[in-house]
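Q: Just so we're on the same page, this note's numbering is the position in the sequence shown counted from 1, plus 427. In this text, a Cβ means the ideal position worked out from N, Cα and C, and glycines have one as well. Bear in mind that the values here come from a model prediction, so they are computed numbers and not experimental data.
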Amino acid sequence: LTGVPASKEERTQPPLTNVDAVIEQLAHGMVAKELDGRDEAFLATNGYEAMPIIRGVHEFVMRTFVPTQSGKPPIVAFRGTVPTKIQTVIADLDPTGIGMYQFNPNRALIDAQMAAAATHGAIVSAGHSLGGALAQIAAAAFPDRVGRIVTFQAPGVSRETAKKIVDHNEAHPEQAIESSHHRVSGDLVPMGGEALTPGVIHNHKMTGGNVFQRNPLSKHTSMPLAQEEIAQGHDVPIHGERGSVATGDVTTEQDNAEKSQVVEHLRTGLGRLVYGVGGL
428 LTGVPASKEE RTQPPLTNVD AVIEQLAHGM VAKELDGRDE AFLATNGYEA MPIIRGVHEF
488 VMRTFVPTQS GKPPIVAFRG TVPTKIQTVI ADLDPTGIGM YQFNPNRALI DAQMAAAATH
548 GAIVSAGHSL GGALAQIAAA AFPDRVGRIV TFQAPGVSRE TAKKIVDHNE AHPEQAIESS
608 HHRVSGDLVP MGGEALTPGV IHNHKMTGGN VFQRNPLSKH TSMPLAQEEI AQGHDVPIHG
668 ERGSVATGDV TTEQDNAEKS QVVEHLRTGL GRLVYGVGGL
């Protein structure tokens, strides 16, 4: 878990109006967390109930948040990289695509969980870091169940995976899957992968602290939307220490076209070495 649980006393708060800020709390903050009273209060206020944490092979973790208020979509969240859990790091290096090392052996598990979630409506498939890659992969595998993809500081996926969403949207414009990708300037992880699923990239910039505190890792593990909610006087249970400001949007079409593949080539090269030596 990244982000720092707030230490303020519990108090009644209105629901957040920024839907993606709610999703960030769930998909980044609560996906693998044993929830406390503040977490539960936040969920209730914002119209959600957390289902049990689901664990699969290769340190795979996902969790569904079902709506308790009408009009809200179910959220299926995938855990990101945990540096102390080597299997998640190996998943980042998979030369066939970031996340495939976890997705492939857990496909049936993911299928069943998404089928159950879809009984509550079109799913928001979401995640931070590696979890964001898994969210894109899962949506591409089961597009009929998904309404949105929302990622936070996530790498891209293979062009083939991204194209599956493009093809789905062209074939089913009335059920097109929109993607919202949030990233923080200076975070290196989004440089990985070949392409993002089609939609909009929302850029954020970390503020506060010194240059050493605003390092690439702290930017990657930050919760920009939580910090922006706090700046507006709103309360969220999980957040970091540095501030954040939104700096504008760009289309994935433009970003995919301009994206350098240098980091991805280095990642896949290292991945082939690791997978070859390990016999993975």
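Checking the sheet assignment: what are the DSSP bridge partners for Thr588?
A: As a first step, residue 588 must be located in the sequence shown, where it is residue number 161. According to DSSP, Thr588 bridges with nothing at all.
Q: Residues in the same chain with beta-carbon distance under 7 Å from Thr515, minus the five sequence neighbours each way, listed in chain order, please.
A: Here residue 515 refers to the residue found at position 88 when the sequence shown is read from its first residue. Glu486, Thr508, Val509, Leu557.
Q: Put Arg506 into one of helix, strand or coil per three-state DSSP.
A: As a first step, residue 506 is located in the sequence shown; it is residue number 79 there, counting from the start. Note: Arg506 maps to coil in three-state DSSP.
Q: Taking only runs of the alpha helix (DSSP H) that begin and end inside the segment 616-647, which ones reach a length of at least 4 residues, in chain order?
A: DSSP runs (the alpha helix (DSSP H)) wholly in the segment 616-647: none.
Q: Please state whether DSSP places Thr511 in a helix, a strand or coil.
A: As a first step, residue 511 is located in the sequence shown; it is residue number 84 there, counting from the start. Of the three classes helix, strand and coil, the one that applies to Thr511 here is coil, per DSSP.
Q: Kindly indicate the opening and closing residues of the beta strand (DSSP E) around Phe492.
A: Position 65 of the sequence shown, counted from the first residue, corresponds to residue 492. First-last of the beta strand (DSSP E) with Phe492: 488-494.
Q: Would you kindly report the start and end of the unbroken beta strand (DSSP E) that includes Phe579?
A: On the sequence shown, position 152 is the one that residue 579 refers to. First-last of the beta strand (DSSP E) with Phe579: 573-579.
Q: Grab me the residues of Ala567's own chain with a C-beta within less than 6 Å of its C-beta, minus the 5 sequence neighbours each way, in chain order.
A: As a first step, residue 567 must be located in the sequence shown, where it is residue number 140. Excluding positions up to five away in sequence, the list reads Thr588, Lys591, Ile592.
Q: Return the first residue and the last residue of the alpha helix (DSSP H) that Glu461 is part of.
A: Your numbering for residue 461 matches position 34 in the sequence shown. Note, Glu461: premise wrong, no alpha helix (DSSP H); not H, not E.
Q: Considering only the alpha carbon of each residue, which of Arg465, Val616, Ser671 lies closest to Glu691?
A: Numbered from 1 along the sequence shown, position 264 holds the residue referred to as residue 691. Checking every option, the nearest Cα to that of Glu691 belongs to Val616.
Q: If you measure between the beta carbons of Gly626 and Ser606, is that distance less than 8 Å?
A: For the purposes of this step, residue 626 is identified with residue 199 of the sequence shown, where counting begins at 1. For the purposes of this step, residue 606 is identified with residue 179 of the sequence shown, where counting begins at 1. Closer than 8 Å, so yes.
Q: Following the continuous beta strand (DSSP E) through Asp676, name the residue where it begins and the one where it ends.
A: Residue mapping note: residue 676 aligns to position 249 of the sequence shown, counting from 1. Here the beta strand (DSSP E) through Asp676 covers 670-678.
Q: Restricting to Cα atoms, I'd like to know which of Gly670, Pro664, His455, Leu644 is closest to Asp466.
A: As a position in the sequence shown, residue 466 is number 39, starting the count at 1. Here the closest residue by C-alpha is Pro664.
Q: Using the three-state DSSP reduction, which class does Gly554 fall into: helix, strand or coil?
A: On the sequence shown, position 127 is the one that residue 554 refers to. Gly554 falls in the strand class under three-state DSSP.
Q: Does DSSP put Val663 in a helix, a strand or coil?
A: The count along the sequence shown starts at 1 and reaches residue 663 at position 236. Of the three classes helix, strand and coil, the one that applies to Val663 here is coil, per DSSP.
Q: Going by DSSP, name the residue or residues bridged to Ile481.
A: Residue numbering aside, residue 481 sits at position 54 when the sequence shown is read from its first letter. Answer is Met489, bridged to Ile481.
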